[in-house]
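Chains as they are written, first to last, in our numbering: chain A, 1 to 261; chain B, 1 to 322; chain C, 1 to 259.
We treat Cβ as the ideally placed atom computed from N, Cα and C, and that holds for glycine.
Report on one structure; see the data block that follows.
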Amino acid sequence: MSRLAANARVVRALGMRSVRQTFRRPQLIAPIIVFPTLLLAIQTGGAGGAINLPGFPEVQGFLQFMLAGAMMQSLMLAGNSGGIALAVDIEMGFTDRLFASPIPRFAIVLGRLAGTAALGCFAALWFLAIGLIFGAEIESGVAGALLAIVLVTATAMAVGGIGAAIALRTGSASVVQGLFPLVLVVLFLSSAFFPQELMIEPAKTIAEYNPLSFVVEGIREPIISGIDARATLEAVLAILGIVALGLGLSARALRHRLRVG
Amino acid sequence: MPAISAEGLERAFGELKAVQGIDLGVEEGEIYGFLGPNGAGKTTTVRMLTTLLLPTGGRATVAGHDVVSAARAVRGSIGVALQEAALDPLMTGRELIRLQATLQGIPGAEGRRRADSLLERVDLADAADRRVGTYSGGMQRRLDLAAALVHEPRVLFLDEPTTGLDPVSRKTIWDEVRALNDAGTTVFLTTQYLEEADQLADRVAIIDSGRIVAEGTPDSLKAEFGNPHIAVQIADGGVADAEEACRRLGPLLPPTDARTVAVEVESGAADIPRVVRALDEAGVAVESLELVRPTLDDVFVAKTGHHLLEEEDEAEEEQVGK
Amino acid sequence: MQTPAWRTNLAMIGALMVRARNELVRVPGAAIPGLLAPTIFFLGLNGVFGALTQLQGFSTGTYESFIVPVSMLQGAGFTGAAAGVNLARDYEIGWVDRLLVSPAPRWVLLAGTVLAASARALIPATFVLAMALALGAGWPGVDGLVVCFAMVTAMAAVAACWGSFLALRFKSQSAAPLMQTGMMALVLLTPAYAPLALLQGWLQDVARVNPASDVVEAARQGFVGGVTWADTWPGLLALAGLLLVLGALALRQMRRTNA
């Protein structure tokens with residue numbers, strides 16, 4: 001068998017394990033889906049009058065606007081959760097078993113990211129369904145929905161890489177778990193929940209340069225208007241940037257873990 | 001009036017009956033041992049008697065109070081050291097005893113005095129102001145025991161008090177239990193260690209699968225059910241012949257391993273030559289031979305058909321006895 | 001002379017509160033999570049939704065003033081729920097057995113947990129308030145401050161009752177998300193983000209029947225106007241009702257731990 005095929009098999013096996021682990025524990029999925037859903041309901045109901053503000057984008061309703069933000073929140077939590085799962089593997093000694101096996105090191109991280117990607121995809125589908133059930137239309141139809149799903153899944157993997165890097169560096173599930181508030185901070189400092197132009201300083205300026213804002217806009221455009229090439233490209237570039245960051249940090253952390261054991 | 005009494009005490013968890021109709025009576029001033037393997041129902045029984053679990057059948061009284069209808073009165077009369085020491089690692093030893101005193105309704109100054117005295121008694125005075133999280137296992141057990149004594153209870157429940165302890169810590173606990181009993185405290189002690197029950201208890205009840213299978217003083221139990229036996233370790237291949245030969249000399253005991261044959265004898269050492277001759281005539285090669293006097297495990301085997309201890313527990317039991 | 005029962009009970013409650021305090025003073029950084037959540041929400045919501053004050057119907061021009069009591073109540077909810085998590089952990093390590101086997105009345109054991117949470121809630125509330133004032137929130141006046149902090153401490157007690165009920169029901173820390181989410185829903189399904197009239201249809205209906213809406217309005221009054229008894233008593237009544245119901249549930253569960 002060629003080396004590529006062999007590596008692919010390993011990644012697939014570890015990926016399947018990661019996906020099974022993720023979906024066999026509903027008590028772990030629930031906070032990733034339930035909490036953002038609750039927040040979506042509350043923010044839509046509480047701040048829905050915002051669509052009447054001058055300068056607010058043309059939307060069918062605030063729910064339509066907010067769907068992308070809810071997906072972002074969910075995928076960020078999924079990335080954090082993937083990091084926690086990897087840290088638990090390290091604490092349990094399971095990664096040592098993998099390190100002692102004749103498998104490529106990157107397969108360990110890639111396999112873990114498969115679970116995160118699956119969760120991200122599930123989150124995208126969930127919130128699209130929520131939107132449709134409660135009257136929010138996907139303006140660009142099936143193509144737009146598919147684009148949103150792809151972007152959410154890719155971002156989940158990208159963010160998962162950062163979570164994995166932290167897990168590999170610290171080897172502690174409680175440290176990774178303690179980063180959950182950071183997820184909220186980063187989201188609040190983006191255009192996930194409100195148009196960047198209407199935010200209050202200094203959040204407004206930070207959101208303007210926050211890569212997550214570009215990702216959110218790339219997911220949001222197909223939902224509230226149509227597929228926009230520029231917004232999509234900016235989102236893809238932002239995702240690639242996060243991927244590069246995650247890969248770089250993961251590689252360094254992996255080398256560190258192999259060195260110190 | 002007995003210090004502890006139970007009639008038909010039962011506890012079911014759904015379909016599973018963890019305790020199946022226990023009758024017992026513990027007199028004032030007695031040390032009563034409750035001996036059984038893991039899962040026998042010891043802890044469940046203790047939890048019912050200490051009001052932590054409601055019985056699903058039968059009744060029980062402790063210090064004259066019904067464990068269901070007068071639960072609060074029971075709690076005021078008992079001290080409890082459970083299987084898990086259940087200590088707060090952030091508290092110091094002194095703080096913990098004082099808290100326990102407060103929960104027992106002992107006024108502040110008196111509670112402090114008792115805490116200091118108890119810490120001296122269990123040899124924790126030097127460590128009293130250190131956090132419990134820094135204590136060794138033995139120190140934690142001693143602290144747990146001290147906390148159980150702060151209100152000078154009439155009845156003391158100890159649930160496997162020396163499990164996991166080293167021999168020195170174990171002996172310290174044993175000495176303390178004897179001293180408490182000498183001073184008049186009734187002690188209900190659960191254990192899975194034969195030696196512990198043998199050494200400490202005035203009377204022992206052996207429990208298996210939720211039922212008491214035997215009860216009496218350790219000596220009377222052993223005398224009633226235990227004749228000595230000779231355990232013969234057979235070299236490869238001769239076990240069947242050895243069993244055939246020994247069966248003519250006396251009843252065989254259930255084997256503890258695949259190469260051992262055990263035969264009950266009446267006289268003890270005087271029976272050794274007969275056994276050796278029988279095996280020799282049968283052409284059996286013997287690796288070793290040992291005269292074994294009855295233990296509570298023999299009582300257990302006689303009553304239940306299986307051993308109280310598995311092989312891996314025997315090593316620990318050896319440590320207990322040292 | 002025998003000590004009166006009320007005095008003994010009070011001593012027990014005090015001792016349990018002292019024990020609860022240990023985590024704060026003996027674990028480095030233990031106070032930080034309790035501060036982080038309401039702080040992040042306050043700063044985040046202010047930065048994100050601050051422009052809502054431009055909508056007609058807002059009684060104040062500064063969103064900080066509008067949202068700070070919500071963040072303080074959120075902190076109270078988080079603190080109380082955390083007390084439930086701690087109780088669940090105590091159950092898992094066997095500590096609760098130690099309490100249950102003592103002659104201390106069950107309500108005393110619960111009161112220790114609940115009152116400790118109420119006291120602890122003052123920390124994030126004070127922190128968030130200080131930050132809000134520094135960022136331009138209006139000074140609520142002494143009466144506004146008193147009413148707000150009364151709402152906060154009582155809300156923490158409500159949250160602790162809820163958390164304790166779940167802890168004793170499930171006997172596991174895995175119930176923690178339910179504790180936190182329940183309190184989040186209680187506090188935010190109210191005129192938290194905007195006045196009642198500006199809420200969307202379904203949330204307006206929910207907020208009208210949610211007793212926590214009266215608590216939010218009572219806590220908010222000093223920050224957006226003047227304090228009146230008419231705006232205060234509904235909040236007090238709501239809290240009394242919540243404490244009665246959730247406290248009874250928690251106490252019932254405490255009494256049934258041996259079932």
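Two segments are said to touch when three or more pairs of C-beta atoms, one from each, lie closer than 8 Å; by this definition the stretch 240-249 of chain B does not touch the stretch 217-228 of chain B. When DSSP assignments are scanned along the stretch 103-161 of chain B, the uninterrupted stretches of alpha helix (DSSP H) that are 4 or more residues long and fall wholly within it turn out to be 108-121, 137-149.
For the 8 Å CB-CB criterion, L253 of chain B and A278 of chain B do not form a contact.
Proximity of chain C to A86 of chain B at the Cβ level (cut-off 7 Å) is accounted for by I93, G94, W95, D97, R98, in chain order. For R169 of chain C, the CB contacts under 8 Å within the same chain, skipping 5 residues up- and downstream, are A175, Q253 in chain order. Straight through space, the alpha carbons of I29 of chain A and L10 of chain C are spaced by roughly 43 Å. As the crow flies, the alpha-carbon of E27 of chain B is around 25 Å from that of R98 of chain C.
Separation of L16 of chain C and L109 of chain C (C-alpha to C-alpha, rounded to the nearest whole angstrom) is 8 Å.
Under the DSSP assignment, T190 of chain B falls in the beta strand (DSSP E) whose first and last residues are 186-191.
In the DSSP assignment, the residues bridged to H65 of chain B are B:V62. Between T295 of chain B and N227 of chain B, the alpha-carbon positions lie close to 10 Å from each other.
Not flagged as an interface residue toward chain C: M139 of chain B, since no C-beta distance is shorter than 8 Å. In this structure, G131 of chain A sits away from L39 of chain A, with a CB-CB distance that is not shorter than 8 Å. With contact defined as three or more Cβ pairs closer than 8 Å, the stretch 56-73 of chain B and the stretch 1-10 of chain B are in contact. At a cut-off of 8 Å between beta carbons, L38 of chain A contacts chain C.
For V276 of chain B, the three-state secondary structure derived from DSSP is helix. Going by C-alpha positions, Q56 of chain C is about 11 Å away from A50 of chain A. Taking C-beta atoms as the reference points, G83 of chain A and V10 of chain A fail to come closer than 8 Å.
With respect to I230 of chain B, L291 of chain B sits close: the two C-beta atoms are nearer than 8 Å. S250 of chain A is classed as buried because its beta carbon has at least 16 other beta carbons within 10 Å across all chains shown.
For F188 of chain B, same chain residues with a beta-carbon under 8 Å away, outside a window of 5 residues either side, are I4, V26, Y32, F34, V46, L49, V155, L156, F157, L158 in chain order. Neighbours of M72 of chain C in chain B, taken as residues at a C-beta separation under 7 Å, are lacking, since the least C-beta distance is about 28 Å. Between M151 of chain C and V215 of chain C, the C-beta gap is smaller than 8 Å, which places the two residues in contact. Taking all protein chains shown into account, Y91 of chain C has 16 or more neighbouring C-beta atoms within 10 Å of its C-beta and is therefore buried. Residue B:G79 holds the alpha-carbon nearest to the alpha-carbon of L103 of chain B among B:G79, B:D182, B:F13.
C-alpha of G77 of chain C to C-alpha of P177 of chain C: approximately 13 Å in a straight line. Across the stretch 98-114 of chain C, CB contacts with chain B closer than 8 Å involve R98, L99, L100, V101, S102, P103, A104, P105, in sequence order along the chain. Under the DSSP assignment, G8 of chain B falls in the beta strand (DSSP E) whose first and last residues are 4-13.
Here the alpha carbon of I200 of chain A sits roughly 7 Å from the alpha carbon of N46 of chain C.
For H229 of chain B, the enclosing beta strand (DSSP E) stretches over residues 229-234.
In chain order, T3, R7, T8, A11 make up the part of chain C whose C-beta sits under 9 Å from the C-beta of P107 of chain B.
When C-beta distances to chain C are compared with 7 Å, the residues of the stretch 51-85 of chain B below that value are T51, L52, L53, L54, R72, R75, G76, V80, L82, E84, in chain order. Within chain A, G45 have C-beta atoms less than 7 Å from the C-beta of W202 of chain C, given in sequence order. What N210 of chain C touches in chain A, judged by beta-carbon distance under 8 Å, is nothing: the nearest beta carbon there is about 12 Å away.
Counting along the chain, F127 of chain A sits inside the alpha helix (DSSP H) bounded by residues 105-133. For D96 of chain A, there is no enclosing beta strand (DSSP E); the enclosing alpha helix (DSSP H) covers residues 94-99.
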